[in-house]
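Written out below as structure tokens is the structure these notes cover.
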Amino acid sequence: MSSTEPIAVIDFETTGMTPAQGARATEVAIVLLQDGRIVDRFQSLMRTGVHIPGFITQLTGITNAMVAGAPPAESVMRDAARFVGGAQMVAHNASFDSKFWTAELAHADIQATQSFACTVLLSRRLYPEARSHSLGNIIDHLGLPRAGRAHRALADAEMAAFLLARIQRDLRERWRIQDARHDLLCGLQKCARPAVSQWLGRRAALQAESPSSPGR
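If you want it as structure tokens, here you go:
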């Protein structure tokens with residue numbers, strides 16, 4: 014397969030569920046996936062001044078003392094934006110991470126421009142037989158490796174990248190989608206589950222007719 018542009022797979026740990034309710038990020042990790050391989054990593058705790066509730070510390074292991082010594086969130090997000098560059102983005106449950114990406118960049122006076130593909134939505138369409146599509150369960154269902162402690166940003170970002178690589182591989186080998194680029198993933202995740210086979214069949218045919226195009 015020809016070399017493709019890298020995709021940035023991101024994960025946040027946070028103080029709560031949504032920035033709209035005042036939650037802030039405590040940790041961010043991004044891995045760059047290219048041609049099915051992780052080629053670079055970025056990870057940092059981040060200090061926002063927002064208290065981490067006890068149940069979040071129990072879940073993630075991230076304490077208020079840990080973030081008190083971390084770099085300011087604005088500095089971390091400027092570095093994260095430089096690391097991502099022009100890459101498009103993927104997250105497991107992207108509706109969560111994309112909100113924090115946009116909100117934390119805004120605190121650093123940076124406008125978010127990337128679109129997100131979601132490995133939860135993609136795995137629901139390609140692996141409907143799975144008992145659960147939470148990250149740990151779908152990783153186990155597919156026999157993919159776990160990477161460190163769950164609910165820490167780098168481990169979760171790496172596992173989401175492993176899942177994305179598997180999705181791209183299965184699209185090639187099972188569905189003959191030779192160019193599983195970000196725009197195709199975004200289209201697939203919007204497809205109704207009963208129509209997935211037909212949708213992918215049309216895209217494969219389009220790519221066969223015009224190999225240089227991902228086939229929208």
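Anchor point for the sequence shown: position 137 equals 150 in the working numbering, and the numbering is continuous, going up by one each time. All C-beta atoms, glycine included, are put in the ideal place defined by N, C-alpha and C. Note that the structure is a prediction, hence the values are computed from the model and not measured.
Use the C-beta contact count for residue i: other C-beta atoms within 10 angstroms, 16 or more gives buried, fewer gives exposed.
i    : result
L72  : exposed
D169 : buried
D48  : exposed
R229 : Bear in mind that the predicted position of R229 carries a pLDDT of just 44, short of 50, making it unreliable; the figure below should be weighed with that in mind. Exposed, by the Cβ-count rule.
S108 : exposed
H195 : buried
M14  : The predicted model places M14 with a pLDDT of 38, which falls under 50 and marks its position as unreliable, so this point remains unresolved.
T27  : buried
L112 : Correcting the residue type first, residue 112 is Lys in the shown sequence and not Leu. By the neighbour-count rule (16 or more Cβ atoms within 10 Å), K112 is buried.
Which of helix, strand or coil does DSSP assign to residue i?
i    : result
S15  : Caution is warranted here: a pLDDT of 41 is assigned to S15, below 50, making its placement in the model unreliable, and the coordinate value is therefore given only provisionally. It is coil, neither helix nor strand.
D196 : helix
Q181 : helix
D24  : strand
V63  : coil
I43  : strand
Q71  : helix
K203 : coil
D122 : coil
R144 : coil
L135 : helix
W114 : helix
L167 : helix
A33  : helix
A173 : helix
A107 : helix
Ends of the beta strand (DSSP E) at residue i?
i   : result
S57 : 50 to 58
Which stretch, first to last residue, makes up the alpha helix (DSSP H) that contains residue i?
i    : result
M79  : 77 to 81
Q211 : 209 to 222
A86  : 86 to 97
D153 : 148 to 154
Going by DSSP, name the residue or residues bridged to residue i.
i    : result
F129 : M102
A38  : T27
Would you say residue i lies against chain D (beta-carbon separation less than 7 angstroms)?
i   : result
F96 : Judged by its chain identifiers, the structure shown contains no chain D, having just a single protein chain.
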